[in-house]
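> As given, the protein sequences belong to chains G and A, one line each in that order.
For the first sequence, the working numbering assigns the number 783 to the initial residue and increments by one for each residue that follows.
For the second sequence, the working numbering assigns the number 11 to the initial residue and increments by one for each residue that follows.
Note that CB positions come from ideal geometry on N, CA and C, so glycine has one too.
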Amino acid sequence: MEKKEKKPLEKVCLICAKGSLEDVYASLVMANGAVMEGIETNVFFTFFGLDGITKKAMNHLHTATTGNPAMRMPGGLPFPTMLGGLPGVESAVSSMMRKQMDELGMPPVDEFLEMITAGGGTIYACKLAVDMFKLTKEDLSDEVTDIITIGEFYELCDGDRTQIIFT
Amino acid sequence: MPVKTIAGVEVKVSEDGYLEDMTQWNEAIAKEIATEIGIELTPKHFEVINYLREKTIAKEALTIRSVGKSGIVDVKGLYVLFPKGPLKFSSKIAGIPKPTSCI
């Protein structure tokens with residue numbers, strides 16, 4: 783019988799370009815999961831994704847209550863778009879979601895970033911986006927290694943068992 | 011179900027090499043699995059292992075975060091003890107099932 787050689791992943795490079803709660807957590811869960819599997823991990827935050835590593839914003843991320851067809855009321859009924867647009871609704875829904883995630887043992891963003899770097903993962907911010915949003919290194923989480931260009935990010939993505947994941 | 015002889019004891023293991031019956035576990039088995047992975051066990055390792063076994067018996071979900079908050083070791087320390095597999099390798103050595111947690 784022919785035996786197929788397994789070629790496990792050696793490196794993953796994640797790009798987080800959106801700043802909603804679910805987009806940032808998707809990147810964080812995948813990054814942390816990779817680190818836990820012993821896979822070399824780089825995460826690159828760009829554009830609105832920068833909220834995920836900005837001190838002021840990272841622990842207060844929102845989920846969209848309008849334009850989100852998967853949004854449900856507690857109990858499973860559809861969530862009316864009109865309701866989602868009312869002042870304070872997005873905030874309330876988002877804090878409810880964060881509470882539920884906390885109950886499942888999911889860490890807040892700052893702690894999640896610490897867990898990733900504790901295992902050797904590295905976090906980067908996109909230079910172009912940092913300039914565009916007029917941020918500095920001081921505005922970003924201490925877990926951010928550096929502010930780099932996309933070219934430098936691609937240099938980090940070398941190796942034939944590397945995957946780039948865009949969320 | 012594969013049977014493997016570890017430290018002179020015949021134990022049932024999963025395809026990934028995790029003990030199927032955690033009561034078959036003993037410290038000699040832990041040491042041999044650890045050597046296979048490339049880890050030399052210290053008393054600190056055993057503190058973590060015993061914690062994982064207690065939590066498994068209590069049917070509590072295990073995450074690196076919960077181990078990090080146990081007061082035994084922080085997350086960084088856990089990676090130092092079990093490089094490249096803080097939950098995977100520690101669970102294997104502790105003789106408990108493969109972790110099902112994503113965090």
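Under 9 Å, Cβ to Cβ, is there at least one residue of chain G near valine 85 of chain A?
yes
> If you draw a straight line from the C-alpha of lysine 909 of chain G to the C-alpha of threonine 931 of chain G, how long is it?
5 Å
> Using a beta-carbon distance below 9 Å, is serine 80 of chain A in contact with chain G?
no
> Around the Cβ of phenylalanine 99 of chain A, are there at least 16 other Cβ atoms within 10 angstroms (buried) or fewer (exposed)?
buried
> Please identify, using Cβ separations under 8 Å, the residues of the stretch 885-914 of chain G that lie next to chain A, in order along the chain.
Gly887, Met888, Pro889, Glu893, Glu896, Met897, Ala900, Gly901 and Gly902
> Could you tell me if valine 19 of chain A is buried or exposed, where buried requires 16 or more neighbouring beta carbons within 10 angstroms of its beta carbon?
Burial check for valine 19 of chain A: the Cβ neighbour count within 10 Å stays below 16, so the residue is exposed.
> Can you pull out the residues from the stretch 840-852 of chain G whose beta carbon lies closer than 9 Å to at least one beta carbon of chain A?
none
> So which residues of chain A does glycine 815 of chain G contact, with C-beta pairs closer than 7 Å?
Counting only Cβ-Cβ distances below 7 Å, glycine 815 of chain G has contacts in chain A at Cys112, in chain order.
> Using a threshold of 9 Å, state whether the C-beta atoms of phenylalanine 827 of chain G and alanine 907 of chain G are closer than that.
Remark: C-beta atoms of phenylalanine 827 of chain G and alanine 907 of chain G approach each other more closely than 9 Å.
> Does chain G have any CB closer than 9 Å to the CB of isoleucine 106 of chain A?
no
> With a floor of 3 residues, list each beta strand (DSSP E) that falls wholly inside the stretch 819-857 of chain G, ordered by position along the chain.
822-827
> Taking only three categories from DSSP, how would you classify lysine 108 of chain A?
coil
> Rounded to the nearest angstrom, what separates valine 871 of chain G and threonine 836 of chain G at their Cα positions?
23 Å
> Let me know the secondary structure DSSP gives leucine 917 of chain G once reduced to three states.
coil
> Give a yes or no on whether the C-beta atoms belonging to isoleucine 103 of chain A and isoleucine 49 of chain A are separated by under 9 Å.
Yes, these two residues count as a Cβ contact at 9 Å.
> Looking at the structure shown, is alanine 38 of chain A part of a helix, part of a strand, or coil, going by DSSP?
helix
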